[in-house]
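Participant: Take this structure first; my questions come after.
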């Protein structure tokens with residue numbers, strides 16, 4: 206072993222086959238015995254010294270994430286988070302002695318529970334769990350917190366938050382909500398529980414309730430969150446005896462006064478897409494980071510729509526959101542959104558538009574005529590008007606008798622229609638969509654150059670020797 210990193214166990218075998226194949230020409234002792242003879246031991250897929258403590262690369266990555274999140278300004282938080290991390294890793298690998306905290310004694314269990322309730326330690330633990338295979342790790346961390354709670358007979362905000370995160374990762378949004386409410390009963394101002402519960406309440410369609418929880422954290426919600434919630438607040442400009450803005454036909458005082466306005470399904474489905482995106486981003490940050498590396502903003506400009514579409518559809522984020530949070534959603538939203546994951550990309554020709562109205566478009570493969578509500582440009586999500594005659598590659602989602610765009614919209618010039626049409630033949634991989642987008646930007650750049658400019662640039666480049 207050279208340095209702090211341990212080699213993977215299978216690499217020892219592969220390297221030996223390559224450097225000394227005669228080693229395996231005759232029967233040899235089991236690998237475990239060979240390692241023991243060399244004073245080595247196996248931890249998962251890793252090999253290291255048989256005595257003393259050492260960290261696997263995954264454990265090292267977790268500690269790096271802990272350091273990055275906490276910084277160096279709060280030593281009490283850092284000590285508590287480090288002890289909690291050791292305890293969790295010891296539980297993940299029972300019997301391993303790699304510096305693990307012994308959870309058998311009541312005193313150490315009590316100290317662990319106290320650590321998890323210090324500052325943001327529980328939230329940091331949840332963040333650290335996303336290193337590596339995010340969803341399984343978060344789920345297992347919830348199971349660990351449940352065992353600690355059972356062995357100590359206590360309910361704390363820290364334990365409740367970790368159990369809620371685990372339940373959410375396991376696909377049980379209702380259980381997650383119950384854990385968070387239990388945590389807030391003992392610690393009404395816990396920031397982690399308040400923030401996550403605000404998301405779950407928002408999933409239920411309760412905009413005022415979600416906003417109230419967010420404001421209890423002492424921080425005003427971000428402007429983009431406020432913009433999403435605002436259309437669903439009770440409208441104070443409407444008289445109590447006037448018709449309710451939700452369109453029910455009842456008087457406002459007997460309908461939506463004092464609660465979240467039940468807007469038409471189309472408006473709520475736009476909101477649902479935003480909530481699904483936030484859940485997908487929060488559930489698997491490793492996938493998001495990978496997409497951001499592929500969809501490099503320096504290459505494609507602002508790739509928000511492309512990244513979101515890849516995350517929700519090709520990456521399965523929308524299906525996971527519906528499986529987990531579906532029981533919290535209004536029935537009509539859930540029923541509609543269940544049809545979305547199977548919707549393909551389409552090459553659309555815009556036939557006619559009306560400001561603030563529907564966009565008539567024709568699917569170039571099937572000939573189907575679609576009425577699209579609003580028009581997202583795929584970069585900042587704002588609605589506008591699609592120009593007549595514009596061809597786009599997009600993913601329309603059905604909502605009642607109209608269609609809503611998912612957000613990934615690529616303008617396609619006539620010269621690229623054949624390439625774009627190929628992407629509608631089956632499942633579109635994120636890289637294919639990115640490649641088309643980059644190709645179109647390169648074509649556009651070439652078209653903006655004066656005649657002969659490319660030749661001039663080539664002429665000024667390095668000349669071959671001789």
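Numbering (the working numbering), first residue to last: 206 to 671.
All C-beta atoms, glycine included, are put in the ideal place defined by N, C-alpha and C.
Kindly indicate which three-state DSSP category residue 253 falls into: helix, strand or coil?
Facilitator: Of the three classes helix, strand and coil, the one that applies to residue 253 here is strand, per DSSP.
Participant: With DSSP as the reference, label residue 536 as helix, strand or coil.
Facilitator: In the structure shown, residue 536 sits in a helix (DSSP, three-state: H, G or I).
Participant: Out of 273, 247, 271, point me to the one whose CA is closest to residue 261's CA.
Facilitator: Closest option to residue 261, Cα to Cα, is 247.
Participant: For residue 527, which option in 481, 519, 552 has the closest C-alpha, if you only look at C-alpha atoms?
Facilitator: For residue 527, the nearest C-alpha among the options comes from 481.
Participant: For residue 540, count the other beta carbons within 10 Å of its own beta carbon; 16 or more makes it buried, fewer makes it exposed. Which is it?
Facilitator: So residue 540 counts as exposed.
Participant: Give me whichever residues DSSP pairs with residue 248 in a beta bridge.
Facilitator: For residue 248, which the question treats as bridged, DSSP gives the partners 251.
Participant: Can you tell me whether DSSP reads residue 552 as helix, strand or coil?
Facilitator: Note: residue 552 maps to strand in three-state DSSP.
Participant: May I ask you to check if the CB of residue 542 is nearer than 8 Å to at least one heavy atom of the ligand COA?
Facilitator: Ligands displayed in this structure: none; no statement on the ligand COA is therefore possible.
Participant: Measure the alpha-carbon distance for residue 434 versus residue 385 and round it to whole angstroms.
Facilitator: Going by the C-alpha atoms only, they are around 22 Å apart.
Participant: Between which two residues does the beta strand (DSSP E) containing residue 328 stretch?
Facilitator: Note, residue 328: premise wrong, no beta strand (DSSP E); alpha helix (DSSP H) at 326-333.
Participant: Taking only runs that begin and end inside the region 352-417, name each unbroken alpha helix (DSSP H) of 4 or more residues, in chain order.
Facilitator: Listed in chain order, the complete alpha helix (DSSP H) runs (minimum 4 residues) inside the region 352-417 are 362-374, 378-391, 396-408.
Participant: Distance check for residue 648 and residue 371, CA to CA, integer angstroms please.
Facilitator: The alpha-carbon atoms of residue 371 and residue 648 are separated by roughly 47 Å.
Participant: Should the region 524-538 be regarded as contacting the region 619-627, the criterion being three or more beta carbon pairs within less than 8 Å?
Facilitator: Result no; under three Cβ-Cβ pairs closer than 8 Å.
Participant: Does the region 373-382 come into contact with the region 351-362, if we say contact requires no fewer than three beta-carbon pairs (one atom in each stretch) closer than 8 Å?
Facilitator: Taking 8 Å as the limit for Cβ pairs, the verdict is that the region 351-362 does not touch the region 373-382.
Participant: Taking 9 Å as the threshold (C-beta atoms), are residue 486 and residue 516 in contact?
Facilitator: Cβ atoms of residue 516 and residue 486: closer than 9 Å.
Participant: Determine, using beta carbons only, whether residue 563 and residue 596 come nearer to each other than 9 Å.
Facilitator: Their beta carbons are not under 9 Å apart, which means residue 563 does not touch residue 596 by this criterion.
Participant: Return the bridge partner residues of residue 263 from the DSSP annotation.
Facilitator: DSSP output for residue 263 lists no bridge partner at all.
Participant: Give the C-beta separation of residue 403 and residue 418 to the nearest angstrom, bearing in mind that I take them to be a contact with Cβ-Cβ under 8 Å.
Facilitator: Indeed, because the Cβ distance is near 4 Å, the residues count as touching under 8 Å.
Participant: Enumerated in chain order, which unbroken segments of the beta strand (DSSP E) with a length of 3 residues or greater are wholly contained in the region 606-652?
Facilitator: For the region 606-652, whole beta strand (DSSP E) runs of length 3 or above, ordered along the chain, are 607-610, 615-617.
Participant: Classify residue 568 as helix, strand or coil using the three-state DSSP reduction.
Facilitator: It is a strand residue.
Participant: Tell whether a beta-carbon distance below 9 Å holds between residue 556 and residue 593.
Facilitator: Against a cut-off of 9 Å, the Cβ pair of residue 593 and residue 556 comes out as a contact.
Participant: For residue 215, count neighbouring Cβ atoms within 10 angstroms of its own Cβ and tell me buried if that reaches 16, exposed if not.
Facilitator: Residue 215 is exposed by the Cβ-count criterion.
Participant: In whole angstroms, what separates the C-alpha of residue 317 from that of residue 325?
Facilitator: Rounded to whole angstroms, residue 317 to residue 325 spans 14 Å at the Cα level.
Participant: Buried or exposed, going by whether 16 or more other CB atoms sit within 10 Å of the CB of residue 253?
Facilitator: That one is buried.
Participant: Between the alpha carbons of residue 395 and residue 646, how many angstroms are there, rounded?
Facilitator: If I take the Cα positions, the gap works out to 47 Å.
Participant: Alpha carbon to alpha carbon, how far is residue 221 from residue 242?
Facilitator: Their Cα atoms are separated by approximately 16 Å.
Participant: In angstroms with no decimal places, state the Cα-to-Cα distance between residue 238 and residue 219.
Facilitator: Roughly 18 Å between the two C-alpha positions.
Participant: Since residue 222 sits in a beta bridge, which residues does DSSP pair it with?
Facilitator: Per DSSP, none; premise fails for residue 222.
Participant: Provide the residue(s) that pair with residue 599 in DSSP beta bridges, ordered along the chain.
Facilitator: In the DSSP output, where bridge partners are listed per residue, residue 599 has 551.
Participant: Compare the C-alpha of residue 391 against each of 365, 351, 636 and name the closest.
Facilitator: Checking every option, the nearest Cα to that of residue 391 belongs to 365.
Participant: With the cut-off set at 9 Å, would you say residue 283 and residue 275 are in Cβ contact?
Facilitator: For residue 283 and residue 275, yes; Cβs fall inside 9 Å.
Participant: Quick check on residue 498: buried or exposed, where buried means 16 or more other Cβ atoms within 10 Å of its Cβ?
Facilitator: By the neighbour-count rule (16 or more Cβ atoms within 10 Å), residue 498 is not buried but exposed.
Participant: Using 9 Å as the threshold, is the C-beta distance between residue 546 and residue 524 below it?
Facilitator: Yes, they are a contact pair.
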